[in-house]
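**Student:** Residue numbers (my numbering): 116 to 389. Where a beta carbon is used, it is the ideal one built from N, C-alpha and C, also for glycine. One structure is given below, represented as structure tokens, and several questions about it will come after.
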Amino acid sequence: MPELPEVETVVRGLSESLIGRRIEGMWQDWAPTIHSPAPDEFAARLAGQQVRALGRRGKYILIALEHDTLVIHLKMSGRLYVTDADEEHEADRWVHVRFEMDGGRQLRFSDLRKFGRVYLTDDVERLLSHLGPEPLSDDFTLGRFRDGMRGRKRAIKSLLMAQEFIAGVGNIYADEALFRAGIHPATRVDLLTEGDTAALHQTIREALLAGIKHEGASIGWYRKPDGDKGNSQDHFYVYGRTNLPCRHCGTAINKMRVAQRGTHFCPQCQPERV
DNA sequence: CCAGCCCCCTGTCGGC
DNA sequence: TGCCGACAGGGGGCTG
């Protein structure tokens, strides 16, 4: 599921119900989900800490506690929601971690494919030091974007999805940003013009902001914490629109593989470069 | 440096 | 209808 817009939507949806709550304990039934520290230490350190704030870095959810930060990555199929302790939920079948809170409330982490991970750390900066700039912050300057591309020869789409280059862009919003900039996804980075680079720097942010505005894309399992679907998918130009007419020129959208990922583009609006 | 392939999992969908 | 492979929004790791 979740790229930056979906993660941002989850953070916004959880904030009100979590801030000020005290975590009393945790339960898990799939140890690999607990990345670090080991489950026993994780539970012991977590217990008693109050939630101070919620945030996001790239695709990571940050739940700031009194002494640590609870960090959650949803990977492909993770979902988070808050319920009463005895309340049933449609996604409970795949719940692998429950955080028990005061007031009889629970934060549940449901994850069908079990790729998601939780971390507890007192040094978030170090844990996430591998991430590139936040594309919606002032750190993401055109200069830094251009510098990161210098000397590279890989396909631009694969670079957009590299988290050490830009944090938060995944398969969907890479395709959408490239369409908006009129750049073929397989274009080698060293063939991009100054104009391409400037356009892409802009359209990455536009595509992500559109995703946030529409509260994320519900294609498969993704739901907002309140259980509702996001609507971002209804506004895609290319992702998931194979053989449908391009919204700009009417040409059928094509699908190909770039960096082992399904990649959607308009052959007319995003011509191949040589 | 990078393409290509493997892995981690479970569910769904299309073709035969 | 049933089976089987391909594929799915992520990311880590290995080889050549």
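(1) Quick check: the Cα distance between A313 and I149, rounded to an integer number of angstroms?
(2) Measure the CB-CB distance between L275 and A301 and report whether it falls below 8 Å.
(3) So what does DSSP say about F280, is it helix, strand or coil?
(4) State the start and end residues of the unbroken beta strand (DSSP E) segment that holds Y234.
(5) Any contact of the segment 369-384 with the segment 340-349, i.e. 3+ C-beta pairs under 8 Å?
(6) With DSSP as the reference, label T318 as helix, strand or coil.
(7) Would DSSP call M264 helix, strand or coil?
(8) Determine the direct distance from the alpha carbon of V389 to that of T198, and round the result to whole angstroms.
(9) With R376 as the anchor, note down where its beta strand (DSSP E) starts and where it stops.
(10) In this structure, does DSSP put P360 in helix, strand or coil?
(11) Helix, strand or coil: how does DSSP classify H188 here?
(12) The alpha helix (DSSP H) with Y288 in it runs from where to where?
(13) Look at L235 and L185 and say whether their C-beta atoms are less than 8 Å apart.
(14) With distances taken from CA atoms, which of L227, D262, E387, G170 is nearest L119?
(15) Could you check how far apart the C-beta atoms of G231 and F224 are, in whole angstroms? I think they sit under 8 Å.
(16) Would a C-beta distance cut-off of 8 Å place Q348 and I368 closer than the cut-off?
**Tutor:** Let's see:
(1) 40 Å
(2) no
(3) DSSP, read as helix, strand or coil, puts F280 in coil.
(4) Run containing Y234: 232-236, per the beta strand (DSSP E) assignment.
(5) With the rule of 3 Cβ pairs closer than 8 Å, the segment 369-384 does not count as touching the segment 340-349.
(6) helix
(7) helix
(8) 55 Å
(9) 376-380
(10) DSSP, reduced to helix, strand and coil, places P360 within a strand of the structure shown.
(11) strand
(12) 286-296
(13) yes
(14) Ranking the options by Cα distance to L119, first place goes to G170.
(15) 7 Å
(16) no
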